[in-house]
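*Asks:*
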Amino acid sequence: MQKRILSLLLALVLIFGLFPAVARATAHDNETNNYIRKGSLDNGLYYEVYEDHVEIISYEGAVTEDATEVVIPNEIEGLPVTHISTPLFYGCTRLTKIVLPDSITYICEYAFDNCSSLTSIVIPDGGMWYNVFGQLKK
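Residue numbers (the numbering used here): 956 to 1093.
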(Lines of atoms letter the chains of each structure in order from A and count residues from 1; the text may use other names and numbers.)
(Lines give C-alpha, C1' and ligand atoms only; values in the text may rest on other atoms or scores of the structure.)
Protein backbone atom coordinates (compact mmCIF):
# COMPACT_ATOMS: atom_id res chain seq x y z
CA MET A 1 0.00 0.00 0.00
CA GLN A 2 2.81 2.41 0.87
CA LYS A 3 4.51 1.65 -2.46
CA ARG A 4 1.31 2.52 -4.34
CA ILE A 5 0.94 5.82 -2.51
CA LEU A 6 4.60 6.65 -3.13
CA SER A 7 4.22 5.75 -6.82
CA LEU A 8 1.13 7.94 -7.11
CA LEU A 9 2.90 10.87 -5.44
CA LEU A 10 5.93 10.52 -7.72
CA ALA A 11 3.70 10.39 -10.80
CA LEU A 12 1.90 13.57 -9.70
CA VAL A 13 5.19 15.36 -9.09
CA LEU A 14 6.43 14.39 -12.55
CA ILE A 15 3.18 15.41 -14.26
CA PHE A 16 2.83 18.76 -12.52
CA GLY A 17 6.57 19.42 -12.75
CA LEU A 18 6.37 19.47 -16.56
CA PHE A 19 3.88 22.35 -16.78
CA PRO A 20 6.40 25.11 -15.93
CA ALA A 21 8.79 23.83 -18.63
CA VAL A 22 6.01 23.89 -21.25
CA ALA A 23 5.02 27.41 -20.19
CA ARG A 24 8.65 28.60 -20.47
CA ALA A 25 9.07 27.07 -23.91
CA THR A 26 5.86 28.71 -25.12
CA ALA A 27 6.87 32.09 -23.69
CA HIS A 28 10.27 31.84 -25.41
CA ASP A 29 8.64 30.93 -28.75
CA ASN A 30 6.37 33.97 -28.49
CA GLU A 31 9.31 36.25 -27.76
CA THR A 32 11.22 35.16 -30.83
CA ASN A 33 8.64 35.74 -33.55
CA ASN A 34 10.25 39.06 -34.60
CA TYR A 35 13.33 37.58 -36.33
CA ILE A 36 15.38 39.93 -38.56
CA ARG A 37 18.65 38.25 -39.68
CA LYS A 38 21.62 36.00 -38.81
CA GLY A 39 25.23 36.97 -38.27
CA SER A 40 28.57 35.78 -36.88
CA LEU A 41 31.46 37.02 -34.77
CA ASP A 42 35.20 36.46 -35.22
CA ASN A 43 35.33 34.24 -32.10
CA GLY A 44 33.14 31.55 -33.72
CA LEU A 45 29.78 32.61 -32.27
CA TYR A 46 26.78 32.71 -34.60
CA TYR A 47 23.67 34.66 -33.70
CA GLU A 48 20.18 35.70 -34.73
CA VAL A 49 19.03 39.32 -34.50
CA TYR A 50 15.50 40.05 -33.37
CA GLU A 51 13.71 43.37 -32.99
CA ASP A 52 14.72 43.86 -29.37
CA HIS A 53 17.45 41.28 -28.61
CA VAL A 54 20.07 38.88 -29.98
CA GLU A 55 20.20 35.11 -29.50
CA ILE A 56 23.41 33.08 -29.71
CA ILE A 57 22.60 30.01 -31.84
CA SER A 58 25.90 28.18 -32.48
CA TYR A 59 29.60 28.13 -31.70
CA GLU A 60 32.39 26.78 -33.87
CA GLY A 61 35.46 28.28 -32.21
CA ALA A 62 36.43 25.31 -30.03
CA VAL A 63 35.88 22.87 -32.86
CA THR A 64 37.96 24.64 -35.51
CA GLU A 65 40.75 26.14 -33.38
CA ASP A 66 42.50 25.65 -30.08
CA ALA A 67 40.21 28.10 -28.25
CA THR A 68 39.98 27.39 -24.54
CA GLU A 69 37.90 30.41 -23.49
CA VAL A 70 34.89 32.15 -24.99
CA VAL A 71 33.39 35.46 -23.94
CA ILE A 72 29.84 36.20 -25.03
CA PRO A 73 29.43 39.94 -25.52
CA ASN A 74 26.79 41.98 -23.69
CA GLU A 75 25.59 43.51 -26.97
CA ILE A 76 25.74 42.70 -30.68
CA GLU A 77 24.69 45.28 -33.26
CA GLY A 78 23.53 47.55 -30.43
CA LEU A 79 21.08 45.00 -29.02
CA PRO A 80 21.40 42.99 -25.78
CA VAL A 81 22.42 39.35 -26.04
CA THR A 82 19.66 37.68 -24.01
CA HIS A 83 19.47 34.04 -25.10
CA ILE A 84 21.65 31.02 -25.67
CA SER A 85 19.01 29.26 -27.70
CA THR A 86 20.71 25.98 -28.55
CA PRO A 87 23.12 23.58 -26.86
CA LEU A 88 25.88 25.48 -28.65
CA PHE A 89 28.82 24.42 -26.48
CA TYR A 90 27.80 20.74 -26.53
CA GLY A 91 30.91 18.60 -26.92
CA CYS A 92 33.41 21.49 -26.97
CA THR A 93 36.07 19.49 -25.17
CA ARG A 94 38.79 22.18 -25.42
CA LEU A 95 36.82 24.91 -23.64
CA THR A 96 37.91 25.58 -20.07
CA LYS A 97 36.10 28.88 -19.41
CA ILE A 98 32.91 30.58 -20.65
CA VAL A 99 32.07 34.16 -19.66
CA LEU A 100 28.41 35.18 -19.90
CA PRO A 101 27.20 38.79 -20.16
CA ASP A 102 24.92 40.63 -17.73
CA SER A 103 22.23 40.69 -20.40
CA ILE A 104 21.68 36.89 -20.54
CA THR A 105 18.19 35.85 -19.39
CA TYR A 106 17.85 32.37 -20.92
CA ILE A 107 20.30 29.50 -21.39
CA CYS A 108 19.19 26.42 -23.28
CA GLU A 109 19.13 23.00 -21.73
CA TYR A 110 22.39 21.10 -22.37
CA ALA A 111 24.20 24.27 -23.45
CA PHE A 112 27.36 23.13 -21.63
CA ASP A 113 26.87 19.37 -21.87
CA ASN A 114 29.89 17.17 -22.68
CA CYS A 115 32.37 20.03 -22.20
CA SER A 116 34.84 17.74 -20.45
CA SER A 117 37.53 20.40 -19.86
CA LEU A 118 35.17 23.16 -18.70
CA THR A 119 36.19 24.34 -15.24
CA SER A 120 34.62 27.81 -15.10
CA ILE A 121 31.36 29.40 -16.21
CA VAL A 122 31.30 33.06 -15.19
CA ILE A 123 27.68 33.99 -14.54
CA PRO A 124 26.98 37.67 -13.86
CA ASP A 125 25.18 38.94 -10.78
CA GLY A 126 21.47 39.15 -11.29
CA GLY A 127 19.64 36.16 -9.90
CA MET A 128 20.34 33.34 -12.34
CA TRP A 129 18.89 30.03 -11.21
CA TYR A 130 19.11 26.43 -12.29
CA ASN A 131 15.97 24.35 -12.69
CA VAL A 132 15.47 20.61 -12.71
CA PHE A 133 15.26 20.48 -16.51
CA GLY A 134 18.82 21.79 -16.94
CA GLN A 135 18.05 25.35 -18.00
CA LEU A 136 19.37 28.57 -16.55
CA LYS A 137 16.85 31.38 -16.51
CA LYS A 138 16.56 34.74 -14.76
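For every residue, glycine included, the Cβ atom is placed at its ideal position computed from N, Cα and C.
#1: Please check the pair T1051 and E1024, which I expect to be a contact at CB under 8 angstroms, by giving their CB distance rounded to whole angstroms.
#2: So E1024 is in the beta strand (DSSP E); what residue range does that whole segment cover?
#3: Among the residues of its own chain, which have a CB less than 8 angstroms from the CB of N998, if the five just before and after it don't count?
#4: Can you tell which of I1076, S1058, Y1065 has the C-alpha that lies nearest to the C-alpha of V1036?
#5: Give the range of the beta strand (DSSP E) segment to which L1043 is assigned.
#6: Using the rule of at least 16 other Cβ atoms within 10 Å of the residue's Cβ for burial, across every protein chain shown, is N1002 buried or exposed?
#7: Does G994 come out as helix, strand or coil in the three-state DSSP assignment?
#8: Using a Cβ-Cβ cutoff of less than 6 angstroms, which residues in the same chain neighbour C1070 once the five nearest sequence positions on both sides are dropped?
#9: Output the distance between the C-alpha atoms of P1028 and I1076, rounded to the nearest integer angstrom.
#10: Since L1034 and V1004 are thought to touch, with beta carbons under 8 angstroms apart, how far apart are those beta carbons, to the nearest angstrom?
#11: Bridge partners for S1071 per DSSP, in chain order?
*Replies:* Answer, in terms of the structure:
#1: 6 angstroms
#2: 1024–1026
#3: G1016, A1022, V1025, V1026
#4: S1058
#5: No beta strand (DSSP E) contains L1043, which DSSP labels as neither H nor E.
#6: Looking at the sequence provided, one finds Tyr at residue 1002 rather than Asn. Buried is the call here.
#7: strand
#8: F1044, C1047, L1050
#9: 14 angstroms
#10: 7 angstroms
#11: In the DSSP output, where bridge partners are listed per residue, S1071 has none listed.
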